[in-house]
Amino acid sequence: MRGDQANRLNNGGLIDRSTPLNFRFDGKTFSGFKGDTLASALVANGVKLVGRSFKYHRPRGILTAGSEEPNALVELRSGARREPNTKATTAELYEGLEAASQNRWPSLNFDVMSVNQLFAPIFVAGFYYKTFMWPAKFWETIYEPAIRRAAGLGRAAGVSDPDHYDKAWAHCDVAIAGSGPAGLAAALAAGRSGARVILCEEDFVLGGRLLADGDTIDGLPASEWVARAVAELEAMPDVRIMTRTTLFGVYDGGTYGAIERVNDHLPVPPEHQVRQRLWRIVAKRCVVAAGAIERPIVFAGNDTPGVMMASAMRSYINRYAAAPARRIALFTNNEDGWRTAETAIAAGLQVAAVIDARPDVSPAHRSLASKGGFSVLHGAVAGVDGGKGGIRKISVSLSGGARAEVEADGLAVSGGWNPAVGLTSYHRGRPKWRDDIAAFVPDGAPPGMVAAGAANGAFGLGACLREGFEAGAAAARDAGRSGSIGSMPVADDEAFSLTPLWHVAGKGKAFVDQQHDVTASDVELAQREGFESVEHLKRYTTLGMATDQGKTSNVAGLAIMAAVSGKSIPETGTTIYRPPYVPVAIGAFAGHHRDENFHATRLTPSHHWAAEQGAIFVDTGLWKRAQWYPRAGEKDWLESVTREVKAVRSGVGFCDVSTLGKIDVHGPDAGAFLDRVYINAFSSLAVGKARYGLMLREDGIVYDDGTTSRLAEDHYFLTTTTAKAGLVMQHLEFCRQVLFPELDVQLTSVSDQWAQFSIAGPKTRDLLKEVVDPGEDLSNEGFPFMGAREVALRGGLKARLFRISFSGEMAFEISVPARYGEAMARNLMIAGKPLGITPYGTEALGVMRIEKGHVAGPELNGTTTAGDLGLGKMMSTKKDFIGRVMAGREALTASNRQVVVGIKPTDKARRLRSGAHIIPKGETPGPDNDQGYITSVCFSPVLDQWIGLGLVERGRERIGEIVRAHDPLRGEDYDVELCNSVFYDPDGGRQRG
Amino acid sequence: MRIVCPFCGERELGEFTYLGDAKPQRPAADAGEDAVYDYVYLRDNIAGVMSEHWYHGGGCRAWLKVTRNTLTHEISAVEPAAGAGAAKVGA
Ligand SMILES: [Zn+2]
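So, in structure tokens, the structure goes:
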């Protein structure tokens with residue numbers, strides 16, 4: 000390992016030599032330049048060993064220069080920002096970058112687990128299934144922990160991510176994935192047409208392969224052409240260029256997922272900025288110009304550090320001015336690979352030899368070899384001599400059968416190119432095989448999507464520009480844009496010649512999938528054991544299942560499978576492609592929806608006032624509701640709640656009940672409509688009156704309940720439970736629009752428009768007199784029980800007043816426009832001070848409803864009928880309503896159903912717990928004699944003991960019977976008495992008084 | 000997936016709620032238990048083109064009848080329910 004950028008070339012590259020950057024890798028300090036990736040900076044510093052492999056802990060180096068990298072994975076950053084399995088090949092270098100190699104102990108150079116190689120036979124294909132089958136209990140205690148220690152990748156940070164992630168939408172005519180020659184040409188054509196274009200490039204610089212391979216376009220050096228194209232695009236107001244952004248998925252209706260690494264290139268995102276942003280891009284058309292991925296040839300020792308894809312070697316030399324080796328051998332089966340030899344010579348590096356699997360090479364290359372003083376060997380690389388320090392010697396088996404050796408410290412490999420067929424295949428499109436380029440090309444792309452350039456199997460530069468330009472123009476046209484597209488960029492097409500070669504037989508491990516340590520012999524073994532289908536091959540060997548999703552390995556793997564099973568490659572087929580194209584952090588999918596922002600928070604109109612009072616809040620769906628209001632000296636919630644209940648029952652209290660769903664029902668047919676959705680009649684309700692209503696589902700089970708008032712002949716005000724507010728609105732709209740369109744009725748959700756308070760207790764009228772205009776008659780005659788009407792308040796504000804009671808006390812509910820809600824709470828406190836007014840929370844509300852035997856959520860549990868709740872008599876026989884017919888089914892009217900009943904412990908001091916099962920006295924608890932359970936419990940201040948409600952078989956017929964409450968969850972078992980469910984004021988005199 | 004609401008225009012899936020098969024018609028009040036049983040419980044599960052009820056709860060609150068291919072998610076037609084919007088049927 001050498002420091003000081005000893006392998007940095009003196010000239011060239013797209014790096015900014017005036018901006019040096021220091022970074023640390025495995026604790027050692029190095030320097031690089033702005034424009035480097037972590038991988039290119041490591042190359043420049045002569046670091047060849049960057050990691051240990053997944054199963055065998057073999058030393059590994061950098062294989063590629065892009066997002067297809069299988070080996071050079073690091074833990075980037077430290078502490079809470081430590082990000083495992085980050086590709087060094089795409090991680091942008093920044094000042095102070097910290098990275099650590101993975102899966103090695105105690106150090107990269109000396110790794111104890113590399114002994115795994117000696118036990119290699121147990122790690123062969125299917126080892127999970129074979130080795131650890133028996134005995135089963137050994138799996139958890141011995142095998143799995145051992146494997147977890149031995150095999151793996153990076154470590155998660157283990158603490159909460161301190162950074163923010165964002166989600167956003169974008170809309171355009173044409174989305175383009177990739178900014179190589181095809182992508183830029185597509186963007187130019189579409190942009191000039193006047194289309195709204197989004198160009199996504201995963202790299203931090205535009206240009207794709209042009210950045211490494213140069214060439215000439217429109218008579219200009221490629222870099223000059225790229226600069227002009229980008230300048231033209233940037234000047235177009237409707238073209239948006241997004242670098243550091245990978246288009247990773249395709250969804251229905253022209254929706255595309257993209258991940259923008261907004262601030263991954265900085266140590267810490269600037270204040271108020273996000274680390275990454277997940278984009279959902281809606282595009283009328285999409286051009287996939289994602290290029291192609293150079294594919295390896297599988298041979299023994301092909302994972303030795305120093306073996307690198309030929310195109311990657313050109314990237315490091317040309318783009319980053321970093322020499323991966325001093326003396327380079329090239330192993331190719333195609334014309335394109337030779338460009339690496341040309342690049343090496345141009346950079347002043349030595350070419351040791353070119354090993355070409357084709358029978359012939361062109362005269363131009365032959366003369367290059369003689370000028371460069373290296374030999375051209377016809378044959379294949381059969382093995383590599385080297386280790387963690389890199390390659391030393393390459394052994395070649397020549398076409399004639401003889402062997403040769405080549406001394407080199409770097410081996411560039413080119414097996415041809417595979418178009419990046421991911422995006423075009425995500426809707427089950429199956430790529431098709433093209434013999435002329437020996438590669439799969441896109442087929443069956445989702446509607447509106449087309450591949451262009453190398454992604455479509457057009458590998459020549461001229462063809463890339465042509466296809467990209469034409470695809471961009473067509474996409475814009477399809478999107479309705481017809482501006483002049485100007486002239487098409489022009490370049491020559493390189494000669495194409497390739498002799499397919501996937502695997503060279505030889506001694507030693509030959510890796511197909513380097514990230515998952517799957518070898519050629521694993522593929523062969525899978526075939527021998529019958530796992531011949533590519534989907535079986537994938538799962539049996541784990542080929543292609545690592546974080547790189549087999550970008551460099553899948554096609555080679557199935558080519559080897561095809562060879563050993565005697566089939567062609569297209570017959571063997573490809574596995575199903577699924578998004579995302581690159582790993583996307585879960586944090587990006589979550590965006591801001593985490594922790595307290597996981598969902599929206601709804602605050603009641605009096606929330607801030609309640610918070611000032613020191614209220615304890617409880618989450619009820621999205622709402623925060625005041626649960627109780629503790630006072631100084633109270634030792635627990637029970638003491639506070641008991642005080643609140645006593646205060647209401649003896650004086651006056653109030654509670655914010657604005658969370659109830661509220662719906663205005665208007666129209667001449669409003670009453671008829673309500674008759675059909677409630678089991679009881681509402682058309683007969685007098686104006687100025689309220690009525691309790693119960694809704695069923697169409698299957699006869701109770702759906703929701705609430706009080707609905709008639710404010711005018713054609714205007715009802717309907718309330719729902721808090722939990723079902725949205726769903727009831729949806730259900731009622733279904734009834735109105737789909738089931739009963741002939742009714743002239745309209746629904747308006749007014750849940751957020753009205754603040755509503757329950758005011759309860761014998762002194763309620765005394766309080767209301769101070770609040771309501773003195774002209775309003777609140778006497779029992781002027782405003783009887785279940786009355787409902789608009790009233791004026793002191794000061795002139797109009798309010799709605801309902802004489803309804805959930806607590807069983809003399810009570811009213813008052814509604815004021817929501818913006819007056821907080822003022823109303825404060826006003827009630829002032830006006831009620833002489834009366835000792837007490838605000839109460841949802842706990843006291845719940846206690847009083849259980850004392851009164853009112854059913855709520857635990858009883859309206861989606862399995863109970865109106866009859867079960869004791870409300871069967873409400874069911875009208877004079878009209879049709881939702882759920883009427885099904886409610887009459889035998890099982891729903893059976894006499895042995897579990898029905899609501901009151902429950903008291905026989906030992907008055909005993910605490911009840913909901914969930915306890917009801918078992919007949921003297922029987923052994925079990926499913927056969929389980930007769931129900933306790934649904935709701937509370938400590939009743941009135942009765943000075945715990946009471947409850949339960950759903951118990953034939954409960955109402957068994958009042959007075961002693962049964963057993965069996966609670967195995969809490970280890971409790973005690974006797975309870977079944978009793979009337981109305982514990983307090985059973986004749987209702989208090990609420991009518 | 001994106002649905003073109005006849006009232007709001009093209010909107011994304013998250014604004015809509017799926018209910019299911021739009022074919023079954025609620026039987027008349029006197030149709031009898033068997034007819035209601037069929038209506039409540041018997042649903043086709045079509046691999047192919049299906050007429051479905053969707054609710055635009057994140058927009059105009061219209062119930063829509065969406066014709067969708069369940070194999071490809073291709074939507075070929077979107078119609079408002081008979082009583083969607085302000086007008087009553089036959090008014
Ligand atoms: Zn709509």
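First to last, the sequence lines map onto chains A and B.
Numbering (numbering that gives the first Met the number 0) for the first sequence: 0 to 992.
Numbering (numbering that gives the first Met the number 0) for the second sequence: 0 to 90.
Note that the Cβ used here is the ideal one computed from N, Cα and C, for glycine as well.
For A/Thr-254, the nearest CB of chain B lies under 8 Å from its own CB, placing it at the interface with that chain. Between ligand 1 and the CB of B/Ala-61, the shortest heavy atom gap is smaller than 7 Å. In this structure A/Phe-982 does not touch A/Thr-641 by the C-beta definition: roughly 15 Å separates them, more than the 8 Å allowed.
Boundaries for A/Lys-878: no beta strand (DSSP E) harbours it, and the DSSP string shows neither H nor E there.
Assigned with DSSP and collapsed to three states, A/Phe-733 falls in helix.
Within chain B, the C-beta atoms nearer than 9 Å to that of A/Phe-733 come from Leu-18, His-52, Tyr-54, Trp-62, Ala-80, in chain order. Counting C-beta atoms within 10 angstroms of its own C-beta, A/Val-229 has 16 or more neighbours from the protein chains shown and is therefore classed as buried. Taking a contact to require three or more Cβ pairs closer than 8 Å, the segment 650-657 of chain A and the segment 761-772 of chain A qualify as touching. The count of Cβ pairs closer than 8 Å, one atom from the segment 538-552 of chain A and one from the segment 384-398 of chain A, stays below three, leaving the stretches out of contact. Under DSSP, the beta-bridge partners assigned to A/Ser-814 are A/Gln-755, A/Arg-799. In the three-state DSSP reduction, B/Cys-4 falls in the strand class (E or B). Counting other Cβ atoms within 10 Å of its Cβ, A/Pro-940 reaches 16 or more and is therefore classed as buried. Listed along the chain, the chain B residues whose CB falls inside 7 Å of the CB of A/Asp-698 are Val-39.
A distance criterion of 7 Å places the beta-carbon of B/Phe-6 in contact range of ligand 1, judged by its closest non-hydrogen atom. Around B/Val-77, no beta-carbon contact reaches into chain A at under 7 Å, the shortest distance being about 12 Å. The C-beta separation of B/Gly-82 from A/Arg-735 comes to about 6 Å, placing the pair in contact by the 8 Å criterion. Taking all protein chains shown into account, A/Tyr-255 has 16 or more neighbouring C-beta atoms within 10 Å of its C-beta and is therefore buried. Taking a contact to require three or more Cβ pairs closer than 8 Å, the segment 151-162 of chain A and the segment 428-444 of chain A do not qualify as touching.
Comparing C-alpha distances from A/Ala-558 to each of A/Trp-278, A/Gly-866, A/Arg-294, A/Lys-33 shows the shortest one belongs to A/Arg-294. Around the beta-carbon of A/Ala-343, 16 or more other beta-carbon atoms lie within 10 Å, marking it buried. Looking at the backbone, the Cα of A/Val-854 and that of A/Leu-265 are separated by about 58 Å. Within 10 angstroms of the beta-carbon of A/Leu-92 lie 16 or more other beta-carbons, which makes it buried.
For the beta strand (DSSP E) assignment, the uninterrupted runs of no fewer than 3 residues enclosed by the segment 860-912 of chain A are, from N- to C-terminal side, 897-904. Here A/His-598 is exposed. Its C-beta has fewer than 16 other C-beta atoms within 10 Å. DSSP places A/Lys-688 inside the beta strand (DSSP E), whose first and last residues are 688-695.
Comparing C-alpha distances from A/Val-287 to each of A/Thr-303, A/Glu-74, A/Arg-51, A/Ala-454 shows the shortest one belongs to A/Ala-454. Residues of chain B with a Cβ closer than 9 Å to the Cβ of A/Met-448 do not exist, since the nearest Cβ in that chain sits about 14 Å away. Interface with chain B (8 Å Cβ-Cβ cutoff): A/Gln-736 is included. Sequence-ordered contacts of the segment 0-15 of chain B with chain A read Met-0, Arg-1, Ile-2, Glu-9, Glu-11, Leu-12 [C-beta pairs closer than 9 Å]. Boundaries of the alpha helix (DSSP H) harbouring A/Gly-371: 362-371, taken from the DSSP string. Counting along the chain, A/Val-644 sits inside the alpha helix (DSSP H) bounded by residues 636-649.
For a Cβ distance threshold of 7 Å, residue set Thr-16, Tyr-54, Gly-56 of chain B lies close to A/Gln-729, ordered along the chain. Judged by DSSP in its simplified three-state form, A/Cys-463 adopts helix. Between A/Glu-406 and A/Ala-351, the C-beta spacing is below 8 Å. With distances taken between CA atoms, A/Tyr-315 lies nearest to A/Gly-45 out of A/Val-173, A/Ala-282, A/Gly-45.
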